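Here's the structure, in C-alpha cells; my notes come after.
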Amino acid sequence: MCPPRARQITLCSAGDHGRKLRLQRADQSSHPPMQSYRLHRGDGDGRAQAVCNVLAYVTIAAACTVRRPFEPMQCKHAAPLTDPPRHAKPEEEGRPSRSRGPDHKPRTTPFTQPATTHTKQACLVSSRRPRLLRHKTTAAPPPDTIRLVTRQQPQQQQQRTRRQVRHQPAMASSNSKPVFSEFPTPLPADPSDEVVREFGPLLRIYKSGRVERPLVPPPVDPGHDAATGVVSKDVHLGSFSVRLYLPRSAATTTNNKLPVVVYVHGGGFVAESAASPNYHRFLNKLAAAAPALGVSVDYRLAPEHPLPAGYDDCLAALRWALSGADPWIANHGDLARVFVAGDSAGGNICHHLAMHPDTRSSPLKGAVLIHPWFWGSEAVGEEPRNPAFRAMGADLWFYACPGSSDMDDHRMNPMAPGAPGLGTMACERVLVCAAEGDFLRWRGRAYAEAVAAARGGGLGGENTAAGVELLETMGEGHVFYLFKPDCDKATEMLDKMVAFINAP
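Under full-length UniProt numbering, the sequence shown has 120 at position 120, and the numbering climbs by one with no breaks.
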C-alpha cells in the first residue's frame, strides 16, 4: 500500500451554473490528469448559494492509480483543523473585530439546516463572490448526500459532459441539502455504437445495426385484469401474434355473441406492440365497456421488417379472426359484426384492410380510424404548405417503407390521384377521430369528408346516408387517450366508440 500523500481541496467560482471543486496533488510524482467536480445548486431559480462542508475524511479513489487509505483534507482558505477558533485570537491593531461572540447563532440559508454541534470549518460559495465562514458552525450533510465521482474521459468528451451537467435541471427542493451530482455516463467509445439515424423518441438506429425504441415501455403479460374483469391471452400465428380479450360477461355464458374488434396499434410502423401497457389497458377498457371480443394484432415492425410486412400481418390476422379458428372467437364472437380499429399508423392499416379485395367477400361491420396517419405532397385544410415541412412529415414513412419514394403513395395518401376509389371500402360504417392539437387533424377531417363524398353523402348530422362520422376532440393532441386514459375527453371518445360498435 502506498503511503498517504498530502492533498488539498480548493473551492473556487465557476460561473452561474455551478461550482467546481478541484483536486490538487501536492506531490510531484506521476499521477493521472487533474479531475474536476461540479457542485450542483439545490434549487433552480438562479439564486446560487450552497454550503459545502469539507469533512475530515474523504476518499477520492479515482485521483490515484492505486486505491489510497482515507486521508484528512482541509480547505485552502480555512485555518487548520487543529487551530483554535479565530474569535479567541487577539485582533489585529486598527482592524475591527469580526467575532460574533459565543452566543451568536449562524444564519441559515435555504440550503442549510439549523446548526448542530459539528465544528469543522466550511466554505460558503455565493453566485456573487466567494465568502468564507470561519466563525460559524454548520450542519454537515449526511455522508450519503455527497458523491464525488471521477472518470477518465477523452478530452473531447469532457467538455461535452461538463456542459450537460451545467444545464442539468436541479432535482432538490429549496430546503434540500447541496449534493455532488454524478457526471453522466460517457458515450461508448466503440464507433460501431454511433447513432446514424434517429426519429424523435420513437426510433434510434446505430451504426452496428442495433435498434432502440426509447419511448416504448416494457411489455405486460396477458391474464386477468382486476379493474375490468377482462381476461386476455396471446395466440402465436407464425411471424406475428394476437392478444385476445374476453369480457367477464362472455366468460360465464355463450348465449350472447359479442362483436369482434380487430385492433391495430400505432407507433409509426416502427414502435409499440400489442403488449404495450397503454394498449393493453385500452383494450381491456374497450372490451369491458362495449362489451366486445378484442383481437389486438402484434405485427412485425420496421426497420427489421420493412413494409409491407406490417400490412401483410394485419391482413392475415383479420382473415384468422374471420375464420373463427380460436375457441374464444368461435364460442363468443359474432362474425357478422366484425370491426377494425386502430390509431395513427394503425388507423392507416385499418383503411387498407377495409380496401383490400379479400375483405369484400366478408364485409366488415365498421372501421374506426383514430388520428390516422395519412400524408401527401399537397397540404389540406390548415396544414403547413412549406415543402420542407411536408418532406419531413413523410421522412419516417420512407424509412419504414423503402420501396416507396413518393409521399403520394396510395398507402400513405388514399386521396391521391390514381389511388383506389374510396367508394369501394368493404365496411358499412366509418368513424374517424381527430384531435385539435394533432398535426394530422386536417388530414383526418379531409379523409372523412372524402369517404362520405365517395358514398354520396355527408358527415353525420341529418345526412347520415354515407354512414361516416367524425369526432373532433378539442384541446387534446395525438393519441391523447393512451396517455391520459382517465380524462373526460378520453371517456367521451370511448363512449363514442362503444355507441358506434353497438349501433344497429
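The beta carbon of each residue, even a glycine, is placed where N, CA and C say it ideally should be.
Values in this document were obtained by computation on a predicted structure and should not be read as measured data.
Apply the 10 Å Cβ neighbour rule to Leu-482 and answer buried if 16 or more other Cβ atoms are within range, or exposed otherwise. On the sequence shown, position 482 is the one that residue 482 refers to. So Leu-482 ends up on the buried side.
If you drop the 5 nearest sequence neighbours on each side, which residues of the same chain put their C-beta closer than 7 Å to that of Ala-289? Residue mapping note: residue 289 aligns to position 289 of the sequence shown, counting from 1. Excluding residues within five positions, the ones whose Cβ falls inside 7 Å are Leu-494, Val-498.
Quick check on DSSP: helix, strand or coil for Glu-472? Residue numbering aside, residue 472 sits at position 472 when the sequence shown is read from its first letter. Note: Glu-472 maps to strand in three-state DSSP.
Three-state secondary structure assigned by DSSP to residue 508: Residue 508 falls outside the range modelled here, since the chain spans only 1 to 504, and no answer is possible.
By the three-class DSSP mapping on this structure, what secondary structure does Glu-436 have? For the purposes of this step, residue 436 is identified with residue 436 of the sequence shown, where counting begins at 1. Looking at Glu-436 - three-state DSSP - the assignment turns out to be coil, as it is neither helix nor strand.
Rounding to the nearest angstrom, what Cα-Cα distance links Ala-490 and Val-368 in this structure? Looking up residue 490 in the sequence shown gives position 490. Looking up residue 368 in the sequence shown gives position 368. Cα-Cα distance, rounded: 15 Å.
Euclidean distance between Cα positions of residue 505 and His-478: Because the chain in this structure spans residues 1 to 504, residue 505 falls outside the shown range and cannot be described.
Any idea which residues DSSP pairs Glu-198 with across the strands? In the sequence shown, counting from the first residue as 1, residue 198 sits at position 198. Beta-bridge pairing links Glu-198 to Arg-204.
Let me know the alpha helix (DSSP H) ranges lying completely inside the stretch 367 to 432, each 4 residues or longer, listed in chain order. 387 to 393, 395 to 400
Does the stretch 368 to 381 come into contact with the stretch 281 to 301, if we say contact requires no fewer than three beta-carbon pairs (one atom in each stretch) closer than 8 Å? no
What does the alpha-carbon distance come out to for the pair Gly-46 and Gly-458? By 1-based counting over the sequence shown, the position of residue 46 is 46. By 1-based counting over the sequence shown, the position of residue 458 is 458. Residue placement at Gly-46 is poorly supported in this model, since its pLDDT is 38, which falls under 50; the coordinates still yield a value, given next. Approximately 57 Å, taken between the alpha carbons.
In angstroms with no decimal places, state the Cα-to-Cα distance between Ala-250 and Ala-354. In the sequence shown, the residue the question calls residue 250 occupies position 250. In the sequence shown, the residue the question calls residue 354 occupies position 354. Each residue's alpha carbon lies about 27 Å from the other.
Nearest residue (CA-CA) to Tyr-279, options Asp-326, Val-216, Asp-313: Reading the sequence shown from its first residue, position 279 is the one you call residue 279. The shortest Cα separation from Tyr-279 among Asp-326, Val-216, Asp-313 belongs to Val-216.
Would you call Phe-282 buried or exposed, if buried means 16 or more other Cβ atoms sit within 10 Å of its Cβ? Position 282 of the sequence shown, counted from the start, is the residue given in the question as residue 282. Buried, by the Cβ-count rule.
Look at the alpha carbon of Arg-147 and the alpha carbon of Asp-193, and state the distance between them as a whole number of angstroms. Here residue 147 corresponds to residue number 147 of the sequence shown, with the count starting at 1. Here residue 193 corresponds to residue number 193 of the sequence shown, with the count starting at 1. Since pLDDT at Arg-147 reaches only 41, below the 50 mark, its modelled position is unreliable, and the value read off the structure follows with that caveat. Approximately 29 Å between the Cα atoms of the pair.
Would you check if there are 3 or more beta carbon pairs closer than 8 Å linking the stretch 410 to 425 to the stretch 441 to 457? yes
Does the contact criterion of 3 or more C-beta pairs under 8 Å hold for the stretch 341 to 349 versus the stretch 252 to 269? yes
As a quick exercise: from Arg-360, Ile-370, Leu-237, pick the residue whose alpha carbon is nearest that of Arg-441. Residue 441 sits at position 441 when you count from the first residue of the sequence shown. Of the candidates Arg-360, Ile-370, Leu-237, the one whose C-alpha sits nearest the C-alpha of Arg-441 is Ile-370.
Assigned secondary structure, Asp-334 (DSSP; H/G/I helix, E/B strand, else coil): The residue given as residue 334 occupies position 334 in the sequence shown. Correct three-state label for Asp-334: strand.
Could you have a look at Ser-362 and say whether DSSP puts it in helix, strand or coil? What you label residue 362 is simply residue 362 of the sequence shown in a count that begins at 1. If DSSP states are grouped into helix, strand and coil, Ser-362 belongs with coil.
Contacting residues, own chain, Cβ-Cβ under 7 Å from Pro-222 (five flanking each side not counted): The count along the sequence shown starts at 1 and reaches residue 222 at position 222. Answer for Pro-222: Ser-232, Lys-233, Asp-234, Arg-243, listed in chain order.
Run the CB neighbour count on His-224, radius 10 Å, all protein chains shown included, and call it buried at 16 or more, exposed below. Walking along the sequence shown from the start, residue 224 turns up at place 224. Answer is exposed; the Cβ neighbour count stays below 16.
Out of Glu-198, Pro-218, Pro-219, point me to the one whose CA is closest to Val-211's CA. Here residue 211 refers to the residue found at position 211 of the sequence shown. Closest option to Val-211, Cα to Cα, is Glu-198.
Quick one: what does DSSP say Glu-449 is sitting in, helix, strand or coil? Residue mapping note: residue 449 aligns to position 449 of the sequence shown, counting from 1. Helix, per DSSP.
For Tyr-245: DSSP bridge partner residues: As a first step, residue 245 must be located in the sequence shown, where it is residue number 245. Looking at the DSSP assignment, Tyr-245 forms a beta bridge with Ser-232, Gly-294.
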